[in-house]
Structures are given as structure tokens and as C-alpha cells.
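Note sheet for the following structure.
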Amino acid sequence: MSSYTSPTTPSNTDLPTLEVGQKSIRELESTLALSPSIPISTTVRQTWLVLAAAVFLVSVPVFIEAPLVRSQPVLSVALTGFWVWLSFTLMSRPTTYVWGDLLLGFSWSWLAGAIYWGWLRWEPAWHLPVESIGLPFACWCLFRNWGKVGNWFYLGSLLGTVLTDLYFYLVDLMPYWRQIMQVEPASVSPILQTALIQVQTPWGQGWAVVLAILLLTAGVLPLRTKSKHWYAFGGAVLSTILVDSLFLIAASAA
0 MSSYTSPTTP SNTDLPTLEV GQKSIRELES TLALSPSIPI STTVRQTWLV LAAAVFLVSV
60 PVFIEAPLVR SQPVLSVALT GFWVWLSFTL MSRPTTYVWG DLLLGFSWSW LAGAIYWGWL
120 RWEPAWHLPV ESIGLPFACW CLFRNWGKVG NWFYLGSLLG TVLTDLYFYL VDLMPYWRQI
180 MQVEPASVSP ILQTALIQVQ TPWGQGWAVV LAILLLTAGV LPLRTKSKHW YAFGGAVLST
240 ILVDSLFLIA ASAA
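All letters in the sequence shown, in the order written, are residues 0 to 253 by numbering that gives the first Met the number 0.
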């Protein structure tokens, strides 16, 4: 019996180092999703706020970033770092996690817009490749089930861009795009009027209806899930219709 030694508890040095009080963002996301303490009414309200925010964030690059990037392209690219920093700051708090998540997806759209409209806007063929700059990152994150709100927002925004550019190719509007980017603002109006004639042909109107139906379907169907990341996707897709309609109105008024 003297040779028998009772088992001893391993010392702390044998255990992996624990970072007390810290969780990975993925664990935090799972905790928030499963937490019963969040009232259903609050969750539903936040889901609709995500939809509204997605619509707003798609409009930002069009009406705010575009004027800035023409005069300060380097500043516009640098602002991407600020958006990323702000997104991770918001994601570090449970109460603002979803907004940081959404903002991170927006950062990719902002970066792509800053690069394209700052230096490559004269060639529409580069538009989709540049807008897809965040696609590998978004797919990787979704594969790991991380950052779903922001990455689905980015994918929804990208889908809207793809369908809009597809319309430009189908209706042969790309030559007018190149002309508008190469002339002074005072000379834009006649080009827009000529392009509008192309849009008003049966071919142009027919494809506008087809692509509008596709956008509506892709934007509305996800809203049936009541999930925040699908609302972010749907809001980004539906806002494409809003932005394209505003451009059509502006061209008609030019």
C-alpha cells in the first residue's frame, strides 16, 4: 500500500492557456442567436432595421461615395480601413454585433467602388471584376458560418450589380457609359438622351421587365425566412431597383 499513490490533479501548467472573458466572434454569434433572453419583438424589429440599413448602405456608394471618389480617390480607399475598424469595434459588443457584421460587408462594396470609380471608371468591362473583389472572402466566411449578415449583404449588392450590368450589355448601353466618363458634365445630357432612346425600344423595355422580375423575386423570397442575414441580402437586392429607377428618372429629366 505504501507504493500506491493517489491520482493527482494535473497542474495548471499542463492545461492549455485560457483567455478568460474572451470569446471568438463565432461563439458570440451563436450565443446571441440562441439566447432566450432577447425578446421576440426586439428581434423582429432589429430584423426590419437590418433590411432598412441594407437599402441605405447600397445607396451610400451611389450618392455619397461617387462624388467623393472623383475628387479624392485615395481618401476613399483609405476610408475602407475606418469602416473595417468600426465594424470590428461594433462586433466586439453583443448589443451592436449585427451592425458591425453588416458594416463589414459594406466595407467590401465601398472598397470596390473606390477603386473602380477612382481609377477605372472609363472602362465598364472592369466594373464587375472589381466589384467582385470581396467575393472570395465572403464565400470563405460563409463556408465557416461567420459574418452572415454582412457577407450576404455584400452578395445581394453584387447580384444587383451583375443584373444591372447585364442589362447594359444586352441593350448595348456600354458605349454610352464610356462616352459619359470621358466628357465634361455639361456634355452628359445629350448622351443620356440618346441612351434613353435605346432603353425605350421594345428590346430595352422587355429586358427591363425580365430583370426587374428577377430582382423582385431574389429580393422578396428571402424575406419569408425572418432571418437577419436574409433580410440584409433581400434589402441589398431590392435597393438595386430603387437606385436604377432613380438613374432612369435622372436620365429622363436631363
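Positions of the beta carbon are idealized from the N, C-alpha and C atoms, including for glycine. Small disclaimer: the values here were computed from a predicted structure and weren't measured.
Residue i - DSSP class collapsed to helix/strand/coil
{"i": "Gly234", "result": "helix"}
{"i": "Ala250", "result": "helix"}
{"i": "Asp171", "result": "coil"}
{"i": "Ser226", "result": "coil"}
{"i": "Pro38", "result": "Confidence in Pro38 is poor, its pLDDT being 45 and thus under 50, which makes the residue's placement unreliable; the coordinate value appears in the next sentence. Correct three-state label for Pro38: coil."}
{"i": "Asn11", "result": "Annotation note: pLDDT 48 at Asn11 (below 50); position unreliable, coordinate value reported separately. It is helical."}
{"i": "Val43", "result": "helix"}
{"i": "Gln197", "result": "helix"}
{"i": "Gly146", "result": "coil"}
{"i": "Glu183", "result": "coil"}
{"i": "Gln192", "result": "helix"}
{"i": "Gln71", "result": "coil"}
{"i": "Trp151", "result": "helix"}
{"i": "Arg177", "result": "helix"}
{"i": "Glu122", "result": "coil"}
{"i": "Gln21", "result": "Note that Gln21 scores a pLDDT of 45, beneath 50, so its modelled location is shaky; the value from the coordinates is reported in the next line. Coil at Gln21, not helix or strand."}
Cβ distance (whole Å) where residue i is taken to contact residue j below 8 Å
{"i": "Gly159", "j": "Gly104", "result": "With a Cβ gap of about 13 Å, Gly159 and Gly104 do not count as contacting."}
{"i": "Ala253", "j": "Gln181", "result": "Not quite, the Cβ-Cβ distance comes to about 17 Å (not below 8 Å), so this is no contact."}
{"i": "Ala249", "j": "Ala194", "result": "Their Cβ separation, rounded to whole angstroms, is 12 Å, which puts Ala249 and Ala194 out of contact at 8 Å."}
{"i": "Ile190", "j": "Gln178", "result": "5 Å"}
{"i": "Val208", "j": "Val57", "result": "Incorrect: roughly 22 Å between the Cβ atoms, too far for contact."}
{"i": "Pro60", "j": "Gly112", "result": "4 Å"}
{"i": "Leu172", "j": "Glu130", "result": "So it is not a contact: roughly 17 Å between Cβ atoms."}
{"i": "Ser99", "j": "Thr88", "result": "Per the sequence shown, the amino acid found at residue 99 is Gly instead of Ser. Contact flag correct, Cβ pair sits at about 7 Å."}
{"i": "Leu247", "j": "Leu213", "result": "With 8 Å as the limit, Leu247 and Leu213 do not qualify as a contact, their Cβ atoms being about 17 Å apart."}
{"i": "Lys225", "j": "Thr46", "result": "6 Å"}
{"i": "Arg69", "j": "Trp121", "result": "Actually they are not in contact, since the Cβ atoms of Arg69 and Trp121 sit about 12 Å apart, beyond 8 Å."}
{"i": "Leu85", "j": "Leu102", "result": "6 Å"}
{"i": "Tyr166", "j": "Trp206", "result": "6 Å"}
Option nearest residue i by Cα separation, candidates the options
{"i": "Ile114", "options": "Pro221, Leu48, Val76, Ser131", "result": "Val76"}
{"i": "Val219", "options": "Pro72, Gln204, Val236", "result": "Val236"}
{"i": "Thr127", "options": "Pro72, Ala231, Tyr168", "result": "One point to set straight first is that residue 127 is Leu, not Thr, in the sequence displayed. Of the listed residues, the one whose Cα sits closest to Leu127 is Tyr168."}
{"i": "Trp118", "options": "Pro72, Thr42, Trp47, Thr163", "result": "Pro72"}
{"i": "Leu110", "options": "Tyr96, Val97, Tyr153, Thr46", "result": "Tyr153"}
{"i": "Ala231", "options": "Leu85, Val97, Arg92, Val83", "result": "Val97"}
{"i": "Trp151", "options": "Cys138, Thr163, Val161", "result": "Cys138"}
{"i": "Ser108", "options": "Glu64, Thr216, Pro201", "result": "Glu64"}
{"i": "Thr240", "options": "Leu48, Val54, Val49", "result": "Before going further, note that residue 240 is Ile rather than Thr in the sequence given. Closest option to Ile240, Cα to Cα, is Val54."}
{"i": "Ala124", "options": "Asn144, Pro174, Gly146", "result": "Pro174"}
{"i": "Gly233", "options": "Ala51, Arg44, Gln199", "result": "Ala51"}
{"i": "Val83", "options": "Phe62, Ser106, Leu67", "result": "Ser106"}
{"i": "Val43", "options": "Ala185, Lys227, Ala217, Gln199", "result": "Lys227"}
{"i": "Gly146", "options": "Tyr166, Ala185, Met90, Glu122", "result": "Met90"}
{"i": "Ser244", "options": "Arg143, Leu210, Ser188", "result": "Leu210"}
Min CB distance residue i to chain C below 8 Å
{"i": "Tyr175", "result": "The structure shown contains no chain C; it is built from a single protein chain."}
**OP:** Would you mind listing the alpha helix (DSSP H) stretches within the stretch 80-114 that are 4+ residues and don't spill past its ends, in chain order?
**Re:** 96-114
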